[in-house]
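Under UniProt numbering, the first residue of the sequence shown is numbered 1, with each subsequent residue one higher. The beta-carbon is built from N, C-alpha and C at its ideal position, and this holds for glycine as well. See below for the structure under consideration.
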Amino acid sequence: MHQREHLFDTDFINNATIFNQFPMTQISLNLMELLPKEMTNRLLNYQKVDDLSGGEKQVVSIIRLLNMDFPILLMDEPFASIDKNTKEIILDYILSTNNKIIFEVTHDQRKETLNKYDKILKIENGNIQNIK
1 MHQREHLFDT
11 DFINNATIFN
21 QFPMTQISLN
31 LMELLPKEMT
41 NRLLNYQKVD
51 DLSGGEKQVV
61 SIIRLLNMDF
71 PILLMDEPFA
81 SIDKNTKEII
91 LDYILSTNNK
101 IIFEVTHDQR
111 KETLNKYDKI
121 LKIENGNIQN
131 IK
């Protein structure tokens, strides 16, 4: 998943399922239940992708990624535009599924975030450092 994943100028279902190529999975439906109701309502009712905020667009991209049901997720700054509360909900939920290997590229170095991961590598100036 890129920082700015391409979204089609259409509604939520078409974007989340790539026009029904990847049906809504139980994982993504469960995540939608955990999101703030106001956000869920906006996602389900928008008609044009330009009506969404940057964070809402990222949530749609994450739901799309979960619908693809890959065993390995490679995410580049997936939460950059998402508010802290929603980020925590999504991250905790994805990590709790226990059936995914997740590689997340992030600049978020807060301890409460880093402590959620089993392994952390820091890449700086071409050097790789094992942090955890």
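Quiz item: Which partner residues does Q129 have in the DSSP bridge list?
Solution: According to DSSP, which records beta bridges pairwise, Q129 is partnered with K122.
Quiz item: The beta strand (DSSP E) with V105 in it runs from where to where?
Solution: I101 to V105
Quiz item: Would you call K57 buried or exposed, if buried means 16 or more other Cβ atoms sit within 10 Å of its Cβ?
Solution: buried
Quiz item: Around the Cβ of P78, are there at least 16 other Cβ atoms within 10 angstroms (buried) or fewer (exposed)?
Solution: buried
Quiz item: So the alpha helix (DSSP H) L73 belongs to, where does it begin and stop?
Solution: Counting along the chain, L73 falls outside any alpha helix (DSSP H), though it belongs to the beta strand (DSSP E) covering I72 to D76.
Quiz item: Looking at C-beta atoms only, is the number of pairs between the region 104-119 and the region 48-56 that lie closer than 8 angstroms three or more?
Solution: no
Practice problem: Tell whether a beta-carbon distance below 9 angstroms holds between I120 and I90. | Solution: No, the pair does not count as a contact, with Cβ atoms beyond the cut-off.
Quiz prompt | Exposed unless 16 or more other CB atoms sit within 10 angstroms - verdict on F12 | solution = buried
Self-check item: Residue of I18, R4, R64 and Q47 minimising C-alpha distance to Q26
Solution: R64
Quiz item: Given K116, which residues of its chain have a CB within under 7 angstroms of its CB, disregarding the five upstream and five downstream residues?
Solution: Excluding residues within five positions, the ones whose Cβ falls inside 7 angstroms are L91 and L95.
Self-check item: Whole-angstrom distance between L35 and T97, CA atom to CA atom
Solution: Whole-angstrom Cα-Cα distance: 16 angstroms.
Exercise. Look at the Cβ atom of V49, then the Cβ atom of F8, and state whether they are nearer than 9 angstroms.
Key: Contact: yes.
Quiz prompt | Straight-line gap, M39 to N30 (C-alpha atoms, nearest Å) | solution = 14 angstroms
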